[in-house]
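Colleague: Per this note's numbering, the sequence shown starts with residue -7, numbered consecutively.
Sharing a structure, written as structure tokens. Questions coming.
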Amino acid sequence: MPALDAPEERLRKFKYRGKDASMRRHQRLVASLELRKARKDEQALKRRNITNFPPEPSSEKPAKEVRVSLNLDEIVRGVNSSDPDLCFQATLAVRKMLSQERNPPLKMIIDMGLIPRLVAFLKSSLPFLQFEAAWALTNIASGTSEQTRAVVEAGAIQPLIELLGSTSAAVCEQAVWALGNIAGDGPEFRDAVISSNAIPHLLALVCPTITVAFLRNITWTLSNLCRNKNPYPCDEAVRQLLPVLFHLLQHHDREIVSDTCWALSYLTEGCNERVDRVVNIGVLPRLVELMTSQELSILIPSLRTVGNIVTGTEHQTQMAIDAGLLKVLPHLLRHPKTSIQKEAAWVLSNVAAGSQQQIQLLIVYDLLPLLVALLKNGEFQVQKEAVWTVANFTMGATVSQLFQLVYSGVLEPLVNLLTAPDPKIVLIILDVISYFLQEAEKLREKDRLYFLIEGLGGIERIETLQLHVNQQIAQTALSLIEKHFGEEEDKDSILSIQDKC
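Structure, rendered in structure tokens:
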């Protein structure tokens, strides 16, 4: 099974671009590990069916008594037999081998050349044989990409799709599961399932009479059809899926809602047009509501989806704000789990990259004290997101907003983070301090800010950075000292400020 904690690319909307503050709405790709780790098993890429007591696929029974166990030679002979009873017994034996919890012999079954016959059994008129064959193929497709490819290249996709119309619910559900494993392998096989017209057949299964257990499998498979990039799923597939995902998002079952949120999170990655397709179906109020859930399996993907949305345009960000985002964000910034704090801070940084009206809302909703608290007390990964928030806020704020940020106490933790181990974060902080001083100078407030920074030990730390091993940090610190803290300061002005103090 592919690792769940593999690095992924996330979008960031940001104003800050080093010393070029004029380019406001660019995106950068960043690595994020923590949130995917928190998912654990609730939304695995592939799943093996190891249930001990499967539902009966049909009232029909094999004519002969089922053997308890078969050796490998008997399995090969049985699978290749023309006797349906022997085929069933051999396929059942294969399925049981592949369903063992530890070290199922996936490779051995493939090397024995059994997959083509298992695929042929999908086309049988015997539901009990179809069921066992689909179950065995489901478990093979849960393995490595090479093992999944063996199933696909044997021609399994089309007969599995045809089984979605089976009169046996058990056969139908097992086919859904197998298709989910195939689609979850990556964009190539996902697109193979989509191009075989699986989506309309899957959507037709979603009806008021369907069991919750069956609907969970369908939702998970639909989520895998939304997953992966390079390329993303085609526009037509997304158009087909979105109305049903909106419907599933309203469901009461935790697993169904969780997998639906993950599907929407995949569909909101990337360009603004992809975000538009999702927000235009009206999911934002429900997603923001789900961000208050006590269930991490729901909170995590709903937060990720809304976070993706606010990487988009100012209009898309405003839609999230109008849906109540800033009302629920404070709770998440205080969340006991670091991964949630980090994700919430990432969302906050993207809102801070919005318009001055949106920046003002961060002040109105009293988010600046929380931002300062994260800078002071958060884990370093959270502090980094908070620094990005400060940078984006700084580069887009009005003068009044900028000084509200300064007076909120943001300088002290920024100065303390000048010793951070991440060169990029140190450079951002140096540029933010330089920008503060630049704007203060325009208002003849530079000396007051100078003494504030000096009182926090900031000048000494910046001077120390001139000797930093990273040449960019050393040069930036040197330039900042020469420009803002040089000996050419107006001593009369400084003395005047000291007298006032």
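Idealized CB from N, CA, C, for every residue including glycine.
1) In terms of alpha-carbon separation, which member of Leu194, Ile149, Ile174, Ser289 lies closest to Ile210?
2) Can you list, in chain order, the residues of its chain with a C-beta nearer than 6 Å to that of Val168? Leave out the 5 residues immediately preceding and following it.
3) Give a yes or no on whether the C-beta atoms belonging to Pro192 and Ser158 are separated by under 8 Å.
4) Which residues bound the alpha helix (DSSP H) around Met311?
5) With a threshold of 16 other CB atoms inside 10 Å of the CB of Met387, please say whether the residue is buried or exposed.
6) Assuming Arg182 and Leu234 are in contact, meaning their beta carbons sit under 8 Å apart, how far apart are those beta carbons, in whole angstroms?
7) Output needed for Met104: all residues of its chain with C-beta closer than 8 Å, excluding positions within five of it in sequence on either side, in chain order.
8) Work out the CA separation of Gln396 and Arg453 for me, nearest whole Å.
9) Report back the beta-carbon spacing between Thr130 and Asn220 to the nearest angstrom; my notes put them in contact at under 8 Å.
10) Does the contact criterion of 3 or more C-beta pairs under 8 Å hold for the segment 402 to 413 versus the segment 362 to 375?
11) Please report the distance separating the alpha-carbon of Leu282 from that of Ser294.
12) Along the chain, where does the alpha helix (DSSP H) that runs through Leu422 open and close?
13) Do the CB positions of Gln464 and Leu419 come within less than 8 Å of each other?
14) Does the segment 257 to 267 come within contact of the segment 240 to 249, defined as at least 3 CB pairs closer than 8 Å?
15) Quick one, are the C-beta atoms of Gln122 and Leu114 less than 8 Å apart?
16) Could you tell me the distance, in whole angstroms, from the CA atom of Leu317 to the CA atom of Ile107?
17) Residues in its own chain within less than 8 Å of Asn72 by CB, not counting five upstream and five downstream?
18) State the Cα-Cα distance for the pair Val298 and Val339, rounded to the nearest angstrom.
19) Quick one: using the 10 Å Cβ neighbour count with 16 as the cut-off for buried, is Thr390 buried or exposed?
20) Contact defined as beta carbons within less than 8 Å: I believe Ile424 pairs with Ala383. What is the distance between those atoms, to the nearest angstrom?
21) Looking only at C-alpha atoms, which of Ser117, Arg296, Trp127, Glu433 sits nearest to Lys88?
22) Is it buried or exposed, Glu335, if we count other Cβ atoms within 10 angstroms and call 16 or more buried?
23) In this structure, does DSSP put Val302 in helix, strand or coil?
24) For Ile351 and Ala312, what's the separation of their Cα atoms in angstroms?
25) By Cβ distance below 8 Å, which residues in the same chain neighbour Val198 in space, the five residues on each side in sequence not counted?
26) Can you list, in chain order, the stretches of the alpha helix (DSSP H) that have 4 or more residues and sit fully within the segment 129 to 172?
27) Roughly how many angstroms separate the alpha carbons of Glu138 and Cys226, rounded to a whole number?
28) Tell me which residue opens and which closes the alpha helix (DSSP H) that Ala383 is part of.
29) Keeping to the same chain, check which residues put their C-beta closer than 6 Å to that of Phe477; ignore five residues upstream and five downstream.
Modeller: Quick look at the numbers:
1) Minimum Cα distance to Ile210 is reached at Leu194.
2) Asn209, Ile210, Thr213.
3) In this structure, Ser158 does not lie closer than 8 Å to Pro192 by Cβ.
4) Per DSSP, the unbroken alpha helix (DSSP H) holding Met311 starts and ends at 306 to 314.
5) Buried, because 16 or more other Cβ atoms sit within 10 Å of the Cβ of Met387.
6) Between Arg182 and Leu234 the beta-carbon gap is near 17 Å, outside 8 Å, which marks them as no contact.
7) For Met104, where only same-chain residues beyond five positions count, the Cβ hits under 8 Å are Leu64, Ile67, Val68.
8) So the alpha carbons of these two residues sit roughly 24 Å apart.
9) The distance from the Cβ of Thr130 to that of Asn220 is about 20 Å, inconsistent with a contact at the 8 Å cut-off.
10) Cβ pair count under 8 Å is three or more, so yes.
11) Each residue's Cα considered, the two are about 6 Å apart.
12) If you look at Leu422, you'll find it in the alpha helix (DSSP H) that goes 415 to 434.
13) With contacts defined as CB atoms closer than 8 Å, Gln464 and Leu419 qualify as a contacting pair.
14) No: the two stretches stay apart, fewer than three of their Cβ pairs being nearer than 8 Å.
15) Cβ distance < 8 Å, so Gln122 and Leu114 count as in contact.
16) Near 50 Å, if we compare the C-alpha coordinates of Ile107 and Leu317.
17) Counting only Cβ-Cβ distances below 8 Å, and skipping sequence neighbours, we find Arg109.
18) So the two alpha carbons sit approximately 8 Å from each other.
19) Sixteen is the threshold: since fewer than 16 other Cβ atoms of the shown chains lie within 10 Å of the Cβ of Thr390, the residue is exposed.
20) According to the sequence shown, residue 424 is Val rather than Ile. The C-beta separation of Val424 from Ala383 comes to about 6 Å, placing the pair in contact by the 8 Å criterion.
21) When each option's Cα is compared against that of Lys88, the closest is Trp127.
22) With a threshold of 16 other beta carbon atoms within 10 Å, Glu335 meets it and is buried.
23) Coil, per DSSP.
24) A straight-line Cα-Cα distance of about 14 Å links Ile351 and Ala312.
25) Counting only Cβ-Cβ distances below 8 Å, and skipping sequence neighbours, we find Leu207, Ile210, Val236, His239, Leu240.
26) Taking only runs of at least 4 residues, the alpha helix (DSSP H) segments lying wholly in the segment 129 to 172 are 137 to 145, 149 to 154.
27) In a straight line, the C-alpha of Glu138 is about 24 Å away from that of Cys226.
28) It spans 372 to 388 - the alpha helix (DSSP H) in which Ala383 sits, taken as one unbroken run.
29) Excluding residues up to 5 positions away in sequence, Ile451 lie with their Cβ nearer than 6 Å to the Cβ of Phe477 in the same chain.
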